[in-house]
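Residue numbers (our numbering): 6 to 399. The C-beta atom is built at its ideal place from N, Cα and C for all residues, glycine as well.
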Ligand code: ARG
């Protein structure tokens with residue numbers, strides 16, 4: 006079966022290949038969500054008497070069959086199918102004939118793709134929330150094991166004041182908790198139903214019940230203005246990547262710290278050997294590649310954030326095929342963050358501290374500020390006290 010927009014003239018295959026791009030591969034993850042949206046849409050069409058009870062049952066049965074096939078990896082979208090929406094509708098028509106041809110009543114692929122994407126985003130955001138929580142749990146575990154250990158604190162990469170494993174670990178726990186709040190607010194923004202807005206100008210003639218599909222799909226609210234629905238594609242994706250980049254900001258710093266505290270001359274942290282990598286020429290090396298790669302992913306996410314925000318730049322209102330390009334960027338963002346979080350939580354959980362080495366490194370100058378404040382407590386003016394102690398370290 007052909008395209009949903011078949012014309013008299015056959016399209017040039019080169020143009021099809023170019024415009025479909027990787028969409029037929031990327032859309033594989035949307036099949037399940039597209040079916041869920043279609044089930045809700047069909048139920049709504051039945052409610053407004055566009056589909057009979059029997060027609061609805063038939064459609065829902067086939068959509069569930071597609072979801073099953075997809076789970077088993079047997080619903081493969083091919084390049085000639087163009088996208089998940091076309092493949093699913095063609096399958097419905099193949100199985101149900103004219104009844105299948107009714108499913109696209111009252112919608113466009115423009116609101117359909119947004120509906121599937123948003124359900125998918127919501128699941129991914131929930132998954133990432135879980136992974137952030139498990140990183141928090143790993144850090145807590147680490148802090149619990151070594152909470153009494155004091156370590157040097159640094160500013161300008163030079164010894165500054167006394168710090169501790171507790172202070173260090175809890176800084177990341179608090180940071181990641183802030184990231185969870187950001188994730189929640191992003192989730193809340195995404196949680197709006199676009200379904201029933203058609204191509205961006207609403208559905209003429211039919212009285213579509215947008216509230217009903219919203220409820221069936223578990224969206225918090227309906228996104229009202231049909232044109233804004235289209236205009237928010239790219240904007241919402243930008244928001245997602247911005248939330249992800251906040252998480253990666255903290256992962257980046259956590260990784261750099263672990264690399265620094267575990268380097269040979271420091272030797273406070275020890276990354277268990279199974280999580281280090283070797284060198285092909287230097288037999289003694291145990292490298293912290295896992296944290297180097299994790300650290301580098303921050304710049305990747307930042308660049309994805311910039312890329313996704315650039316796609317809608319200067320477009321006039323409404324749908325443009327450019328927007329399809331946001332899909333790959335966001336998917337890559339989700340995959341990268343999920344993989345990074347899951348590997349580093351595993352390693353952080355097993356991270357060790359060399360307590361003797363930490364003690365050795367607590368040298369006198371780290372206590373200089375403390376000595377200043379002891380004098381201050383005894384009534385010496387701060388600047389005076391500072392000068393007295395400074396003499397000792399000049
Ligand atoms: N694959 C398309 C996308 O992601 C689906 C929507 C197509 N709409 C259209 N008017 N060509 O944007």
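Item	Value
Where residue 288 falls, given that 16 or more other Cβ within 10 Å makes a residue buried	exposed
Rounded separation between residue 343 and residue 132 - CA only	8 Å
Residue environment, residue 321, which counts as buried when at least 16 other CB atoms sit within 10 Å	exposed
Distance, residue 146 Cα to residue 229 Cα	46 Å
Own chain residues within Cβ distance below 8 Å of residue 54, not counting five before or after	none
Check whether residue 84 and residue 137 have beta carbons under 7 Å apart	no
Extent of the continuous alpha helix (DSSP H) run through residue 30	28–31
Nearest candidate by alpha-carbon position, reference residue 88, set 28, 173, 14	28
As assigned by DSSP and simplified to three states, the class of residue 49	helix
Assigned secondary structure, residue 156 (DSSP; H/G/I helix, E/B strand, else coil)	strand
Other residues of its chain near residue 174: CB distance less than 7 Å, five sequence neighbours each side excluded	144, 147, 148
Separation of residue 374 from residue 303, as counted between CA atoms	35 Å
At least 3 beta-carbon pairs within less than 8 Å: the stretch 211–219 vs the stretch 187–201	yes
Unbroken beta strand (DSSP E) run spanning residue 123, endpoints	First-last for residue 123: 114–151, but that is the alpha helix (DSSP H), not the beta strand (DSSP E).
Candidates 247, 206, 237, 210, of which the one nearest residue 184 by Cα	247
Straight-line gap, residue 315 to residue 296 (C-alpha atoms, nearest Å)	30 Å
Sufficient close CB pairs (3 or more, under 8 Å) joining the stretch 32–47 to the stretch 106–126	yes
Where residue 161 falls, given that 16 or more other Cβ within 10 Å makes a residue buried	exposed
Rounded C-alpha distance that separates residue 32 from residue 90	9 Å
Stretch-stretch touch, CB-based, cutoff 8 Å, three pairs: the stretch 53–71 with the stretch 114–127	no
Distance, residue 253 Cα to residue 135 Cα	15 Å
Short Cβ contact (7 Å threshold) for residue 277 with residue 355	yes
Closest by C-alpha distance to residue 226, when choosing among 195, 180, 281	195
6 Å CB neighbourhood of residue 260 in its chain, flanking five on each side removed	296, 299, 300
Residue of 378, 398, 399 minimising C-alpha distance to residue 389	378
Heavy atom of ligand 1 within 6 Å of residue 36 beta-carbon	no
Residue 204: first and last residue of the uninterrupted alpha helix (DSSP H) it sits in	No alpha helix (DSSP H) holds residue 204; DSSP gives it neither H nor E.
C-alpha gap between residue 182 and residue 349, whole angstroms	17 Å
Beta-carbon proximity list for residue 333, same chain, < 7 Å, skipping 5 on both sides	27, 31
Reduced DSSP category for residue 228 - H, G, I as helix; E, B as strand; rest coil	coil
For residue 69, the first and last residue of its enclosing alpha helix (DSSP H)	58–76
Residue(s) in a DSSP beta bridge with residue 5	As displayed, the chain neither begins before 6 nor continues past 399, which places residue 5 out of reach and without an answer.
Residues bridged to residue 163 [DSSP beta-bridge criterion]	160
DSSP three-state assignment for residue 13, whether helix, strand or coil	coil
Residue 197: CB within 6 Å of a non-hydrogen atom of ligand 1	no
Residue 152 beta carbon less than 7 Å from that of residue 367	no
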